[in-house]
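For the protein sequence lines, the chains are A and B, in the order given.
Using this note's numbering, read the first sequence as starting at 1 and increasing by one per residue.
Using this note's numbering, read the second sequence as starting at 239 and increasing by one per residue.
C-beta atoms are modelled at their ideal positions from N, C-alpha and C, and glycine is treated no differently.
Model, not experiment: these values are computed from the prediction.
2 protein chains.
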Amino acid sequence: MQDSFKISMDEFLPLRDVVFKTLRQAILTGELKPGERLMEIHLANKLGVSRTPIREAIRKLELEGLVTMIPRRGAEVSQITEKSMQDVLEVRRNLDALCAQLACERISKEELDALEEAKNDFEETVKTKDFKLIAQKDVAFHDIIIKATNNMRLITLINNLSEQMYRYRFEYIKDFSQHPTLIKEHQDIFNAIKAGNSEKAGEAAVIHIDNQKKAIIAQIRLDKLNKSGMKQDDQQHE
Amino acid sequence: MQDSFKISMDEFLPLRDVVFKTLRQAILTGELKPGERLMEIHLANKLGVSRTPIREAIRKLELEGLVTMIPRRGAEVSQITEKSMQDVLEVRRNLDALCAQLACERISKEELDALEEAKNDFEETVKTKDFKLIAQKDVAFHDIIIKATNNMRLITLINNLSEQMYRYRFEYIKDFSQHPTLIKEHQDIFNAIKAGNSEKAGEAAVIHIDNQKKAIIAQIRLDKLNKSGMKQDDQQHE
DNA sequence: GATACGTGGATTGTATACAATTAAGTACAA
DNA sequence: TTGTACTTAATTGTATACAATCCACGTATC
Numbered sequence: 001m002q003d004s005f006k007i008s009m010d011e012f013l014p015l016r017d018v019v020f021k022t023l024r025q026a027i028l029t030g031e032l033k034p035g036e037r038l039m040e041i042h043l044a045n046k047l048g049v050s051r052t053p054i055r056e057a058i059r060k061l062e063l064e065g066l067v068t069m070i071p072r073r074g075a076e077v078s079q080i081t082e083k084s085m086q087d088v089l090e091v092r093r094n095l096d097a098l099c100a101q102l103a104c105e106r107i108s109k110e111e112l113d114a115l116e117e118a119k120n121d122f123e124e125t126v127k128t129k130d131f132k133l134i135a136q137k138d139v140a141f142h143d144i145i146i147k148a149t150n151n152m153r154l155i156t157l158i159n160n161l162s163e164q165m166y167r168y169r170f171e172y173i174k175d176f177s178q179h180p181t182l183i184k185e186h187q188d189i190f191n192a193i194k195a196g197n198s199e200k201a202g203e204a205a206v207i208h209i210d211n212q213k214k215a216i217i218a219q220i221r222l223d224k225l226n227k228s229g230m231k232q233d234d235q236q237h238e
Numbered sequence: 239m240q241d242s243f244k245i246s247m248d249e250f251l252p253l254r255d256v257v258f259k260t261l262r263q264a265i266l267t268g269e270l271k272p273g274e275r276l277m278e279i280h281l282a283n284k285l286g287v288s289r290t291p292i293r294e295a296i297r298k299l300e301l302e303g304l305v306t307m308i309p310r311r312g313a314e315v316s317q318i319t320e321k322s323m324q325d326v327l328e329v330r331r332n333l334d335a336l337c338a339q340l341a342c343e344r345i346s347k348e349e350l351d352a353l354e355e356a357k358n359d360f361e362e363t364v365k366t367k368d369f370k371l372i373a374q375k376d377v378a379f380h381d382i383i384i385k386a387t388n389n390m391r392l393i394t395l396i397n398n399l400s401e402q403m404y405r406y407r408f409e410y411i412k413d414f415s416q417h418p419t420l421i422k423e424h425q426d427i428f429n430a431i432k433a434g435n436s437e438k439a440g441e442a443a444v445i446h447i448d449n450q451k452k453a454i455i456a457q458i459r460l461d462k463l464n465k466s467g468m469k470q471d472d473q474q475h476e
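Here it is in structure tokens:
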């Protein structure tokens with residue numbers, strides 16, 4: 001473990017929330033790896049707080065599914081299996097389609113303009129090959145659609161499901177050959193929403209997810225192979 | 239407040255989980271009413287534990303959406319507005335359809351038998367007019383379908399969404415006139431799943447939710463009227 | 001009489017202390 | 001050498017103590 005993630009004090013939030021965000025970020029970026037134990041005293045020292053906010057943050061991570069509790073042993077970062085990712089994607093497939101459909105009915109003129117801009121912005125950014133920025137612009141595009149549903153519960157759910165994919169989405173974006181496909185899919189989604197064609201929008205969203213699914217699942221299988229192939233070098237020292 | 243909910247010590251779980259379940263139950267049954275504050279010391283005394291498990295339980299309820307945090311004021315039971323229920327139902331409508339579709343593809347022979355039995359069981363129970371039992375048998379029927387999807391993430395999500403409807407589902411079941419409809423809808427769902435007809439199963443599930451939606455929304459509007467009509471008798475004494 | 005200010009109590013936020021349990025290591029015996 | 005029992009260290013689970021903040025009430029002044 002790199003021992004590098006730091007608490008960001010710029011926010012005026014209860015420590016538990018700062019810790020929650022910090023730990024979540026660390027898990028999503030892979031800084032805390034699946035299977036790794038979250039030891040309270042250790043984390044408390046590292047983040048410069050007491051055990052109380054750490055524990056409360058862990059309770060939230062637990063309900064979010066990012067950590068798994070083992071009685072009397074504490075929390076560890078949840079494993080991402082192919083099955084668990086299949087499950088996530090199966091649900092997202094439907095909810096993303098729902099989002100696109102609802103957006104057709106509910107999107108405002110301003111939001112539609114913003115969506116078009118986000119689409120163009122994404123296309124421009126793809127040319128730069130700056131993966132981090134591309135991922136960011138991709139999120140921006142989809143966020144507009146999700147927000148346009150005006151369904152708070154749906155927004156929360158999609159964000160939570162996206163989290164689970166976060167570590168692998170990057171691999172998809174890194175694949176140059178997929179970039180034209182990505183752009184095409186975004187265009188299809190945008191055009192369908194602009195035309196107010198729910199059916200087409202839903203279909204386009206499904207295609208978009210299915211393509212990502214292929215890449216993500218392939219990556220997971222690759223990871224698993226690497227992992228099982230590795231000698232026992234992966235002992236975690238302090 | 240009735241001051242009546244008690245901790246059940248029969249389980250061998252961390253106190254935080256016992257408290258979590260206890261508080262959730264109290265909220266879902268309406269024992270703790272929307273807007274009511276959850277004061278830690280108070281709850282700790284009532285349940286005979288310290289503040290620590292109470293706080294950790296509240297963190298989980300917070301993420302589940304059953305309580306709302308107000309900085310420096312603590313937690314209060316979340317309000318159920320018509321909008322929030324519309325949002326929940328909009329998502330459930332889709333996920334229930336997904337469940338039914340997936341069940342068509344994945345249900346085992348044993349599960350299908352169990353589903354038929356649950357269906358018949360429900361029909362028998364409806365005759366008794368025992369609302370609590372009817373609700374229970376209804377849950378049992380749907381649980382089999384949900385479990386048959388073999389998608390853990392979906393199961394968790396549906397259970398969480400069901401929770402939000404819990405308080406109002408009862409009102410629907412109390413309405414005698416709806417009983418034949420309920421039975422018919424269960425039959426339709428069962429037949430479609432038995433026939434392996436995903437499309438029909440999805441449609442049947444949607445109809446089932448839509449009918450419940452009518453009843454639930456009507457009930458919420460009624461509640462709101464009663465509430466706003468009430469004189470200020472609802473001051474909360476100790 | 002109304003409004004502004006101050007003070008005290010109640011409640012949350014955070015830290016620490018204590019208890020219980022697990023896990024590992026070591027020594028001793030078969 | 002292996003197995004078992006005991007001891008000790010580490011970690012979680014729970015309780016309590018302390019700090020900071022907010023809210024309501026009362027008083028004083030305009």
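Cα-Cα separation between isoleucine 411/B and glutamine 374/B, rounded to whole angstroms:
11 Å
State the start and end residues of the unbroken alpha helix (DSSP H) segment that holds isoleucine 134/A.
131-148
Beta carbon proximity, arginine 262/B to chain A, threshold 8 Å:
no
Just checking: is the beta-carbon of asparagine 159/A within a distance shorter than 8 Å of some beta-carbon in chain B?
no
I'd like to confirm the pairing. Which residues does DSSP put opposite arginine 37/A in its beta bridges?
Glu76/A
Does glutamine 240/B get closer than 8 Å to chain A when you measure Cβ to Cβ?
Unreliable placement is indicated for glutamine 240/B, whose pLDDT of 44 sits below 50; no coordinate value is reported for it.
Starting from valine 287/B, trace the beta strand (DSSP E) in both directions and tell me its first and last residue.
No beta strand (DSSP E) contains valine 287/B, which DSSP labels as neither H nor E.
Within 10 angstroms of its Cβ, does histidine 475/B collect 16 or more other Cβ (buried), or is it exposed?
At histidine 475/B, the pLDDT of 37 sits below 50, so the modelled position is not reliable; the number obtained from the coordinates is stated separately. Counting Cβ neighbours within 10 Å, histidine 475/B comes out exposed, since fewer than 16 surround it.
Does any C-beta atom of chain B lie closer than 8 Å to the C-beta of leucine 225/A?
no
Backbone CA spacing between arginine 169/A and isoleucine 207/A [nearest angstrom]:
16 Å
C-alpha gap between glutamate 437/B and arginine 331/B, whole angstroms:
14 Å
Quick check: the segment 323-337 of chain B against the segment 443-458 of chain B, are at least 3 beta-carbon pairs closer than 8 Å?
yes
How about valine 315/B and glycine 273/B: do their beta carbons lie closer than 8 Å?
yes
Any C-beta of chain B within less than 9 Å: which residues of the segment 187-217 of chain A qualify?
none
Pick from Val139/A, Arg153/A and Lys21/A: whose alpha carbon is nearest that of glutamine 402/B?
Arg153/A
Within a Cβ cutoff of 6 Å, which residues of the same chain sit near leucine 340/B, ignoring the five residues on either side of it in sequence?
Thr387
Residues that methionine 69/A bridges to, as DSSP identifies them
Ala75/A
According to the neighbour-count rule (16 or more other Cβ atoms, all chains shown, within 10 Å of its Cβ), is asparagine 159/A buried or exposed?
exposed
Can you list, in chain order, the residues of its chain with a C-beta nearer than 8 Å to that of glutamate 90/A? Leave out the 5 residues immediately preceding and following it.
none
Taking C-alpha atoms, which residue in Arg297/B, Leu420/B and Arg405/B lies nearest to threonine 267/B?
Arg405/B
Hey, would you say lysine 357/B sits closer than 8 Å to histidine 424/B, going by beta carbons?
yes
Just curious, the alpha helix (DSSP H) that aspartate 175/A is in, first and last residue?
First-last for aspartate 175/A: undefined, no H or E at that position.
List the whole-angstrom C-beta distance separating valine 257/B from alanine 295/B, where the pair is believed to meet the contact cut-off of C-beta under 8 Å.
4 Å
Nearest to leucine 353/B (by Cα), restricted to the options Ala378/B, Asp368/B and Ala264/B:
Ala378/B
Proximity of glutamate 110/A and isoleucine 144/A at Cβ, strictly below 8 Å
no
Cβ-based burial, threonine 128/A [other Cβ within 10 Å; buried from 16]
exposed
For aspartate 245/A, which residues of its own chain have a beta-carbon under 8 Å away from its beta-carbon, when the five flanking residues on both sides are left out?
Because chain A is modelled from 1 through 238, residue 245/A falls outside the range shown and cannot be assessed.
Of the residues Lys33/A, Leu32/A and Arg55/A, which one's Cα is nearest the Cα of isoleucine 41/A?
Arg55/A
I want to see whether chain B comes within less than 8 Å of leucine 98/A, judged by CB atoms only; does it?
yes
6 Å Cβ shell around aspartate 426/B - same chain, five flanking residues per side excluded
Ala442
What do you get for phenylalanine 190/A, buried or exposed, if any count of 16 or more other CB atoms within 10 angstroms of its CB means buried?
buried
Taking 6 Å as the limit between beta carbons, can you name the residues of its chain near aspartate 461/B, skipping five residues before and five after?
none
Looking at the structure shown, is leucine 266/B part of a helix, part of a strand, or coil, going by DSSP?
helix
On a Cα-Cα basis, can you pick out the residue from Lys385/B, Asn389/B, Phe360/B and Val364/B that is closest to phenylalanine 215/B?
No answer is possible for residue 215/B: it lies beyond the span of chain B, which begins at 239 and ends at 476.
Quick check: the Cα distance between glutamate 269/B and methionine 277/B, rounded to an integer number of angstroms?
15 Å
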